[in-house]
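Reading the sequence shown from the start, the letters are residues 101 to 380 in the working numbering.
In this text, a Cβ means the ideal position worked out from N, Cα and C, and glycines have one as well.
Take a look at the structure set out below.
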Amino acid sequence: MRAYAKINLGLLVLDKRPDGYHNIETVFHRIDLYDDIELEHALTISVTCSDPNTPSGEANICYKAAKLLQQHLGIHDGVTISIRKNIPVGAGLGGGSADAGVVLRELPRLWKKRIDDSTLRKLALQLGSDVPYFLSAGSALAKGRGEVLEYFKLHIPFTILLCTPNIHVSTAWAYQNVKPNKGSRPIDLKGIVLEGLKKPVHLVNGLRNDFEPVVFKEYPEIMRVKEAMMRGGAEFALMSGSGSSVYGFFSQRKFADEVSSYLRSKDHHTFLTDPNFAPS
Ligand code: C5P
């Protein structure tokens, strides 16, 4: 199975909650970058991962997903989970969450067990704030911790250039240092995204990522990636999640290719998504 990465089309951090998490508002959208996940029925749970920087075994979020399901269903079946990692880690792309989402969705089927949707969503939220999004297809407006979801169809008529510098940003650190925007004028994120696909100036004027100021200050190279995209002809560029990835929308593929070559010459990773891409 393929576990697709997401980008955040805007990300507002609204306020800190009594449970320590933050209320946010964002639009999640999947791009053409995915991990391959293979599940095989076994006697115990085990996880192997092609990327040495991603933990294998019990520390892997997929192991935790399988364990949660096993406990919830009260069974002793196991599974061998093999992950071929393509999505950079600590990059604001939800790589681990996407993998966990696939495991939660597909494992009950492999074990020939039924689990209702709302239970699955609760288990997903125990694993991480953006795991619930990855349980279903489509783009989504997300609120709360990221688990209050309104799915909708979104086709982006631009080439999306994604750039991930060799910088690992800790999400926990980013939330500890971000300045929440409680009380600021409410923004209709979904409306801006839909309008902006026709007239990208609406994206530039209307979308923001509240993590950018704090992350750019600590890691100026990430800001330079965004600047390179805008200078190189992007209609719009923004950091995804708490970074380090930045994406740009290009109406001309040629410009996206040129900026991609430039960013690669600076030792950054780049990935391209074709216009109107939708996961298979
Ligand atoms: O839920 P997740 O494991 O992705 O959260 C990682 C870190 O980000 C945690 O430290 C959590 O406190 C913080 N976070 C937050 N508000 C959110 C999501 C995450 O404060 N909506």
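Take the Cβ of residue i as the centre, count every other Cβ of all protein chains shown within 10 Å, and call the residue buried at 16 or more, exposed below.
i, result
"Val301", "exposed"
"Glu312", "buried"
"Asp199", "buried"
"Ser236", "exposed"
"Leu210", "exposed"
"Leu112", "buried"
"Pro265", "buried"
"Ser284", "exposed"
"Met101", "exposed"
"Ser140", "The question names Ser, but residue 140 in the sequence shown is Glu. Glu140 is exposed by the Cβ-count criterion."
"Leu143", "exposed"
"Phe252", "exposed"
"Ser218", "exposed"
"Lys326", "buried"
"Asp230", "buried"
"Asp310", "buried"
"Ile183", "buried"
"Gly348", "buried"
"Lys298", "exposed"
Who pairs with residue i in a beta bridge, going by DSSP?
i, result
"His141", "Val179"
"Cys49", "No answer is possible for residue 49: the residues shown for the chain start at 101 and end at 380."
"Cys149", "Ile183"
"Tyr104", "Tyr134"
"Ile124", "Val113"
"Asn309", "Leu111"
"His129", "Ile107"
**OP:** Determine contact between the stretch 240 to 257 and the stretch 358 to 365, defined as no fewer than three beta-carbon pairs at a distance below 8 Å.
**Re:** No: the two stretches stay apart, fewer than three of their Cβ pairs being nearer than 8 Å.
Original post:
Should the stretch 200 to 209 be called in touch with the stretch 155 to 174, which here means at least 3 C-beta pairs below 8 Å?
Top reply: yes
Original post:
Can you list, in chain order, the stretches of the alpha helix (DSSP H) that have 4 or more residues and sit fully within the stretch 281 to 306?
Top reply: Given a length threshold of 4 residues, each whole run of the alpha helix (DSSP H) inside the stretch 281 to 306 is given here in chain order: 289 to 298, 301 to 306.
Original post:
Taking only runs of the beta strand (DSSP E) that begin and end inside the stretch 200 to 272, which ones reach a length of at least 3 residues, in chain order?
Top reply: 239 to 243, 248 to 252, 259 to 264
Original post:
How about the stretch 123 to 140 and the stretch 281 to 295: do they share at least three Cβ pairs that are nearer than 8 Å?
Top reply: Counting C-beta pairs with one atom in each stretch, the stretch 123 to 140 and the stretch 281 to 295 have three or more that are closer than 8 Å, which means they touch.
Original post:
Would you call the stretch 181 to 192 and the stretch 337 to 346 touching, i.e. three or more CB-CB distances under 8 Å?
Top reply: yes
Subject >> 4-residue-minimum alpha helix (DSSP H) runs that sit fully inside the stretch 317 to 346, ordered along the chain >> reply: Complete alpha helix (DSSP H) runs here, min 4: 320 to 331.
**OP:** Tell me, please, whether the stretch 105 to 120 touches the stretch 275 to 282 by the rule of three or more beta-carbon pairs shorter than 8 Å.
**Re:** Because the criterion of three Cβ pairs below 8 Å is met, the stretch 105 to 120 and the stretch 275 to 282 touch.
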